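**Q**
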């Protein structure tokens, strides 16, 4: 589709800001000296409001979202995003609130509603995970991971521990090792057996240099780690800390609390577990919770309550790791998750986990006749299939299956992850998909299995129903074209 | 209330298909001793009750305060079309565009956003966004460390203090040296820029609203083999000499001023742009143009081998989720304003701030701290503690500015005042009158 730049015509305007009100002399001084001015104007498009609205409406129609159809992208939890919370985040009392207002003397009194949201969320997330306290500041899941590892480092520094290693299972999300590395740790991978971690594989890796271990549970194969408590005891035995990657908390809401499994630090993805929209890649929100012994290290500020019942921001935390975000997190996202948790309540959250697991196992049972499972056991909220056989026998890879699903009107599952499964297809239906939707997905996958045998070529040519076919990514990376270089037209 | 569509019959059929009798059996893989012993959460509410509760909480926050508070985060007007676009479900209920064929909307929008950031900064390549200005500054600093193999970061004390405390927190475990000095005088900067310096980090307009040419400092950095990083308010770039023109290698900053609400601190938008040679060292997602087998033009995520999902611990950053929807909002905003509109808006900001400056400095006892030029913010010295003055002005319905004593202990009487296009001549007059009245209550000893 033509870019917004190509639709530009010199002199055309979208929104105008008329020059009003000021005395003439104010305009005269409002000129930067020549040496500080940019040589030429930034060549932004010149378009009318109607052009802008049509351009982006047309672009939106080239996109697939949860509002369009089933989006079983494993690990990403693409559940339905309620609409009412969108309205609530836009209430002027929230959307118009300056983050520095509470830092003015008595300004905190003018933001009591917002502080109440943060305070309530802290308590709710503690009740959900069993942790002692939460910071709402991390701006995404990976940012929560980095915060968590910084907390780990602060704990060891405080205790005079010389630690240099973070253990990460081979099935982990790439963000785990990357976060540990950015926080200054060496990453040592832990192998898994039949998709789960075994204490005997961990023991040889444990020594006094281990700062902690990062675990996702259920893990990225959608399996609950049965030895988690033993593993936690072993890690604690070398004064290591257990980190819980909350990417898959949606599977165990109301069933299990990470604190009971021996975890010391958890991050949650509000945009996965608590139904806030993914925004085409963000914004997310990644609050971090800790057990009692780590509370003093949480980032500043924290919401406290005064004797008179009013809330305030507490900056007096000498052991804190400091500031990991400018203010109090992605407040607009936190607000939507808050509305979601209030609406569902305890029983609703429990139903989320039950139906997420029900849907995934239903798909497992229905699909496994035609698509081999990565690990042939009941799963939790997602099921990982392997296209290794179809790739070997018929030349139909996981990517081919994914692209074929697009033509059936589905967003594909996550492919080639977890890395330990060959030709992985990671399917996470979420609890908000009905049985009919799942049956249609199964029918599409069965049809693709048929085509794998009868007409594999047709699958290589998929997708055919989209505005573009498979793009040449190798060429795109070899000669990157990352911005529009042409002039604006007109 | 929940969003689960299953009927009793659905559940029965699904359980039967897998040979189970109860939902409880679905969790058989979890050892019984690990099951939660309590689940103390509130009862469910209807949409109406939640709406009532949050509406009440929203009303407990100050609205109707006249806002001269800035300090890097500004009360700008947002045209309605911005929200109309980003509320389309096709945009906001999608995820990262891994499947390019069904994500051309997000991908093309991000490509156009990247193009706009390049045009504003004058640099060669921009990423698809980072979380906020502060984390973008940290990512730029880490790029400087990686590229130079050096351990010292030199940061000017007029870089937003919030970003500087973030940088301190992030580098605490990294064996890096952080030098924070007033480098507004290039001669002084020379003391710190040598072969040990990984990167020089400056801001323009700086935290005090001053517009300067940092070309001299950056030339020194280049000669010393250090990376030059400039944090900029993108709205100011409509007028001000670009990071590229000043010789910066990396531009970063907070994109909130481009059509994002203040929203009590987020979600905001970190932008980053670099010179071409730094492209493959850049963190974050990148969208590039590509062709399909039939020669049709499209867009896809590219240069992914830098990223965590491929490189794991060797990635340029751990970032995964970014601020895509905020980047789309910024693009819509920039498209609506356009080439001329953004310039005019920046000029209005400049002029209104100039007018406020003239009004405020006419008050006995109030003086300017700095010499110009400024953009839309400036600091004034008061005869009394600025926190006290600001607190008294809140009683009069005005958020008068940011008292600098909070971050600069030697500036207890300094107030940082921001004036955007939203502040009317009348409101500026009210601020001046209210400040004068407050100061008159505290006669100078």
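Residue numbers (the working numbering), protein chains in the order written: chain B, 1 to 490; chain D, 1001 to 1445. Every residue, glycine too, gets a C-beta built ideally from N, C-alpha and C. Remember, it's a predicted structure, so these values are computed and weren't measured experimentally.
At a CB distance below 9 Å, what residues from the region 1086-1100 of chain D approach chain B? Give them in sequence order.
**A** Within the region 1086-1100 of chain D, the qualifying residues are 1086, 1087, 1088, 1089, 1090, 1091, 1092, 1093, 1094, 1095, 1096, 1097, 1098, 1099, 1100.
**Q** Since I believe residue 344 (chain B) is in contact with residue 1010 (chain D) (beta carbons under 8 Å), could you give me their beta-carbon distance rounded to a whole number of angstroms?
**A** About 19 Å separates the two Cβ atoms, so there is no contact after all.
**Q** Can you name the residues that DSSP bridges to residue 1066 (chain D)?
**A** In the DSSP output, where bridge partners are listed per residue, residue 1066 (chain D) has D:1398.
**Q** Taking the continuous alpha helix (DSSP H) assigned at residue 1425 (chain D), which residues delimit it?
**A** 1425-1440 is the extent of the alpha helix (DSSP H) around residue 1425 (chain D).
**Q** Near residue 366 (chain B), which residues of its chain fall below 7 Å by C-beta distance, leaving aside the five closest residues on each side in sequence?
**A** So the qualifying residues of the chain are 442.
**Q** Please report the residue range of the alpha helix (DSSP H) in which residue 488 (chain B) lies.
**A** Looking at the DSSP string, residue 488 (chain B) is not in any alpha helix (DSSP H), and its letter there is neither H nor E.
**Q** Does any residue of chain D have a CB that is nearer than 7 Å to the CB of residue 490 (chain B)?
**A** Note that residue 490 (chain B) scores a pLDDT of 47, beneath 50, so its modelled location is shaky; the value from the coordinates is reported in the next line. Not an interface residue.
**Q** For a test of the three-state rule: what should DSSP assign to residue 1018 (chain D), helix, strand or coil?
**A** Correct three-state label for residue 1018 (chain D): coil.
**Q** Which first and last residues belong to the beta strand (DSSP E) in which residue 1152 (chain D) is found?
**A** Here the beta strand (DSSP E) through residue 1152 (chain D) covers 1152-1156.
**Q** Which residue marks the beginning of the beta strand (DSSP E) containing residue 1289 (chain D), and which one marks its end?
**A** Looking at the DSSP string, the run of the beta strand (DSSP E) that includes residue 1289 (chain D) is 1287-1291.
**Q** Between residue 478 (chain B) and chain D, is there a C-beta pair that is closer than 7 Å?
**A** No, residue 478 (chain B) does not count as interfacial toward chain D.
**Q** Any C-beta of chain B within less than 9 Å: which residues of the region 1131-1160 of chain D qualify?
**A** For the region 1131-1160 of chain D, which is checked against every Cβ of chain B, the residues closer than 9 Å are 1131, 1132, 1133, 1134, 1135, 1142, 1160.
**Q** Rounded to the nearest angstrom, what separates residue 15 (chain B) and residue 1242 (chain D) at their Cα positions?
**A** For residue 15 (chain B) and residue 1242 (chain D), the distance between alpha carbons rounds to 24 Å.
**Q** Could you name each continuous beta strand (DSSP E) segment of 3 residues or more that falls completely within the region 123-194 of chain B, going from the start of the chain to the end?
**A** With a minimum length of 3 residues, the continuous beta strand (DSSP E) runs that stay inside the region 123-194 of chain B are 133-135, 165-169, 186-190.
**Q** Between the region 139-156 of chain B and chain D, which residues of the former have CB atoms less than 7 Å from a CB of the latter, in chain order?
**A** Taking 7 Å as the Cβ-Cβ cut-off against chain D, the residues of the region 139-156 of chain B that qualify are 139, 140, 141, 142, 143, 145, 146, 150, 153.
**Q** Among B:43, B:114, B:357, which has the Cα closest to the Cα of residue 223 (chain B)?
**A** With distances taken between Cα atoms, residue 223 (chain B) lies closest to B:357.
**Q** Is the beta carbon of residue 1317 (chain D) less than 7 Å from the beta carbon of residue 1364 (chain D)?
**A** Their beta carbons are not under 7 Å apart, which means residue 1317 (chain D) does not touch residue 1364 (chain D) by this criterion.
**Q** Does the distance from the C-beta atom of residue 424 (chain B) to that of residue 370 (chain B) stay below 7 Å?
**A** No.
**Q** With which residues is residue 1374 (chain D) paired in a DSSP beta bridge?
**A** In the DSSP output, where bridge partners are listed per residue, residue 1374 (chain D) has D:1210.
**Q** Can you tell me whether residue 1032 (chain D) is buried or exposed, with buried defined as 16 or more other CB within 10 angstroms of its CB?
**A** By the 10 Å Cβ count, residue 1032 (chain D) comes out exposed.
**Q** For the alpha helix (DSSP H) that contains residue 236 (chain B), what are its first and last residues?
**A** Residues 228-237.
**Q** Between the C-alpha atoms of residue 1052 (chain D) and residue 1263 (chain D), what's the straight-line distance to the nearest angstrom?
**A** Cα to Cα, residue 1052 (chain D) sits roughly 19 Å from residue 1263 (chain D).
**Q** Using a Cβ cut-off of 8 Å, pull out every chain D residue sitting near residue 432 (chain B), in sequence order please.
**A** In chain order: 1003, 1004, 1005.
**Q** Classify residue 1237 (chain D) as buried or exposed, calling it buried when 16 or more other Cβ atoms lie within 10 Å of its own Cβ.
**A** The residue is buried, with at least 16 neighbouring Cβ atoms inside 10 Å.
**Q** If the cut-off is 9 Å on Cβ atoms, which residues from the region 1209-1242 of chain D count as contacting chain B, listed in chain order?
**A** Listed in sequence order: 1211, 1212, 1213, 1237, 1238, 1239, 1240, 1241, 1242.
**Q** Taking the C-alpha atoms as reference points, what is the distance between residue 490 (chain B) and residue 1123 (chain D)?
**A** Since pLDDT at residue 490 (chain B) reaches only 47, below the 50 mark, its modelled position is unreliable, and the value read off the structure follows with that caveat. Spanning the two alpha carbons is a distance of roughly 24 Å.
**Q** Suppose the cutoff is 8 Å on Cβ atoms and the five residues either side in sequence are ignored; what does the same chain contact list for residue 1451 (chain D) look like?
**A** Lying before the first or after the last residue shown, residue 1451 (chain D) is absent from chain D, which here runs from 1001 to 1445.
**Q** So residue 1072 (chain D) packs on residue 1160 (chain D), CB below 8 Å; how close in whole Å?
**A** Going by Cβ atoms, the distance from residue 1072 (chain D) to residue 1160 (chain D) rounds to 5 Å, so yes, they are a contact pair.
**Q** Is the separation between the beta-carbon of residue 459 (chain B) and that of residue 375 (chain B) shorter than 7 Å?
**A** Taking 7 Å as the Cβ cut-off, residue 459 (chain B) and residue 375 (chain B) do not qualify as a contacting pair.
**Q** Taking the straight line between their C-alpha atoms, what separation do you get for residue 337 (chain B) and residue 275 (chain B)?
**A** Distance between the alpha carbons of residue 337 (chain B) and residue 275 (chain B): 7 Å.
**Q** Give a yes or no on whether the C-beta atoms belonging to residue 1129 (chain D) and residue 1286 (chain D) are separated by under 7 Å.
**A** No. Outside cutoff.
**Q** Counting only the same chain and skipping the five closest in sequence on each side, list residues whose C-beta sits under 8 Å from that of residue 46 (chain B).
**A** Excluding positions up to five away in sequence, the list reads 8, 9, 10, 11, 12, 13, 488, 490.
**Q** Opposite residue 1403 (chain D) in the DSSP bridges: which residues?
**A** Paired residue(s): D:1415.
**Q** Between which two residues does the beta strand (DSSP E) containing residue 246 (chain B) stretch?
**A** It spans 241-246 - the beta strand (DSSP E) in which residue 246 (chain B) sits, taken as one unbroken run.
**Q** Cβ atoms of residue 408 (chain B) and residue 500 (chain B): under 7 Å apart, would you say?
**A** Nothing can be reported for residue 500 (chain B), as the shown portion of chain B is limited to 1 through 490.
**Q** Please determine, among D:1355, D:1104, D:1116, D:1217, the residue with the shortest C-alpha to C-alpha distance to residue 1297 (chain D).
**A** Measuring from the Cα of residue 1297 (chain D), the nearest candidate turns out to be D:1104.
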